[in-house]
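Here is the structure we will look at.
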Amino acid sequence: MSKWKWAALFTAIALVTAPVSTALADTTPVPAPAPTPAPTPGDMPPPPPPEDGGMCTDDGDDEDDNGNIPPAPEPAPTPVPEPTPAPGGDTGGTTGQPSVGFEKDHGKDHGKDKDQDKHGDGKDKDHHGNPGNVSNPPCHDNGHHKGWTNKINNMVKRLEELKKQLNSLEKKLEQLKAWAKQNGSSSDQDALKQIEEALKALDSAGEAQADDLVVLADTQDQLQNPDGAIRSLEKALTLDYKNADTYTRLSKQHQKKGDTKDVKVYVTGKKPAFDVQPVILEGRTLVPLRAIGTALNADVKWDEATQTVTLTNKDGRIVTLQIDSKQATVDGQPVTLDVPAKKLNDRTLVPLRALGNFFHLEVNWDESSQMAILK
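Per mature numbering (1 follows the signal peptide of the UniProt record, and there is no 0), the sequence shown runs over residues -25 to -1, 1 to 350.
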């Protein structure tokens, strides 16, 4: 075929196919997707928690009644706009969608942060509420001791002030009585009852000193309560058994009570409990052996065969006495007694003064109240 024929053929083909190519190339432009509308306040996600994990500074808003910290709420996801479909029904990718998964993780992390303290060890919860496994400290009254009234507290405080100012126990009581009347007591009797209540509270707390108990005894004496005064003085002696003034006061209370017949014995401030009453024989006081041995902190042994008593005190001093014999020994050395040990109602009684002397104790006798004192 000649060249012109080939040229004519290509020209014809081009004319036939040109409309179709043009139509294929002329596509309708895809409109741009509509802009995402700004979210309304209700759709806004919550702001991220602060640096401390959302803790409030008022110690309580971020905890329930049990002191537990609730987990941080998950932030609401940002609404995802509907994508504009491309021509031809293509609904493939979306635009402008936030990473909701990240927001959830972020919320959980801050929930954990609330379980940690500022040091990050998760143990210091007390400053943001009491965790369930930590008990609250015990509740204390505003006063010196739980259960004490303001009157008791104030009276004890006043007594402490007077201790620094006065040496006389009588003056302390008079000052306390005057102070009580200035602070609401309607009479001397009412003031004395207030003082007694305060001093008993101090004693019950285990904080009363010997002088406090003597003031209490004087208070009870003015309230016409010799039994109470005797108990207070006897307790004062257990704290200070060498105080001669306390024995004098005690003797007076026994006399006021009318207790002047039975022998009363005090050994280094303690009053032994006798199952047999002490007796006076030939002007000497004899006391039951076992009870006096206990009061002297001495070990007691009885030899039935020889009718001999042996006492050994904590210092190792040994005293032997024989029933109905004035002969005794002290650390093996013979001594003569004014009156011998006796058997009475199947009990062994020994001379009190001799034992006191043997164990190097001062022995006194108060005739007016029938009190024997070893100190």
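Cβ coordinates follow ideal geometry from the N, Cα and C atoms, glycine included. These numbers were taken from a predicted model, which means no experiment stands behind them.
Element boundaries [alpha helix (DSSP H), containing residue i]
i: Ala155; result: 144 to 157
i: Pro201; result: 201 to 214
i: Val189; result: 185 to 197
i: Asn272; result: Here Asn272 belongs to no alpha helix (DSSP H), and DSSP marks it neither H nor E.
i: Asp220; result: 219 to 232
i: Lys139; result: 125 to 140
i: residue 367; result: For residue 367 there is no data in the structure shown, the boundaries of the chain being -25 and 350.
Cβ-Cβ distance between residue i and residue j below 8 Å
i: Ile267; j: Val189; result: no
i: Leu137; j: Gln150; result: yes
i: residue 354; j: Leu271; result: Past the edges of the chain, shown from -25 to 350, lies residue 354, and the structure says nothing about it.
i: Leu214; j: Gln184; result: yes
i: residue 360; j: Ser344; result: What the structure shows of the chain is the stretch from -25 to 350, and residue 360 is not part of that stretch, so it cannot be assessed.
i: Leu349; j: Val242; result: yes
i: Ile170; j: Lys152; result: yes
i: Asp202; j: Lys231; result: no
i: Thr221; j: Ala211; result: yes
Unbroken beta strand (DSSP E) run spanning residue i, endpoints
i: Leu296; result: 293 to 297
i: Ala347; result: 346 to 349
i: Leu336; result: Unbroken run through Leu336: none, as it is neither H nor E.
i: Val310; result: 308 to 311
i: Lys318; result: 317 to 319
i: Gln302; result: 302 to 305
i: Thr283; result: 283 to 288
i: Pro326; result: 322 to 326
i: Lys236; result: Where Lys236 is concerned, there is no enclosing beta strand (DSSP E), given that its DSSP letter is neither H nor E.
i: Gln254; result: The amino acid occupying residue 254 in the given sequence is Val; Gln does not appear at that position. Note, Val254: beta strand (DSSP E), 254 to 256.
i: Pro263; result: 259 to 263
Contact belief for residue i with residue j at Cβ below 8 Å, rounded distance in angstroms
i: residue 356; j: Val294; result: Nothing can be reported for residue 356, as the shown portion of the chain is limited to -25 through 350.
i: Asp187; j: Leu174; result: 6 Å
i: Val251; j: Ala347; result: That pair is no contact at about 15 Å.
i: Val240; j: Leu327; result: 7 Å
Straight-line gap, residue i to residue j (C-alpha atoms, nearest Å)
i: Leu177; j: Arg292; result: 40 Å
i: Ala204; j: Gln308; result: 44 Å
i: Trp277; j: Asn218; result: 34 Å
i: Leu191; j: Val131; result: 12 Å
i: Val305; j: Arg259; result: 19 Å
i: Lys317; j: Val275; result: 16 Å
i: Ala280; j: Thr287; result: 19 Å
i: Leu141; j: Asp193; result: 16 Å
i: Val338; j: Ser143; result: 27 Å
i: Asn158; j: Leu336; result: 47 Å
i: Leu296; j: Lys245; result: 24 Å
i: Phe333; j: Ala248; result: 22 Å
i: Ser207; j: Gln228; result: 11 Å
i: Glu342; j: Leu225; result: 13 Å
i: Asn128; j: Gly181; result: 15 Å
i: Trp123; j: Arg133; result: 15 Å
i: Glu209; j: Asn200; result: 14 Å
i: Val314; j: Lys301; result: 6 Å
i: Leu148; j: Ala155; result: 10 Å
i: Asp165; j: Leu319; result: 50 Å
i: Ile298; j: Glu172; result: 50 Å
i: Lys289; j: Ser179; result: 32 Å
i: Ser161; j: Asn125; result: 17 Å
i: Val262; j: Ala303; result: 17 Å
i: Tyr216; j: Trp340; result: 15 Å
i: Glu135; j: Ala273; result: 39 Å
i: Arg322; j: Lys139; result: 50 Å
i: Gln282; j: Val310; result: 18 Å
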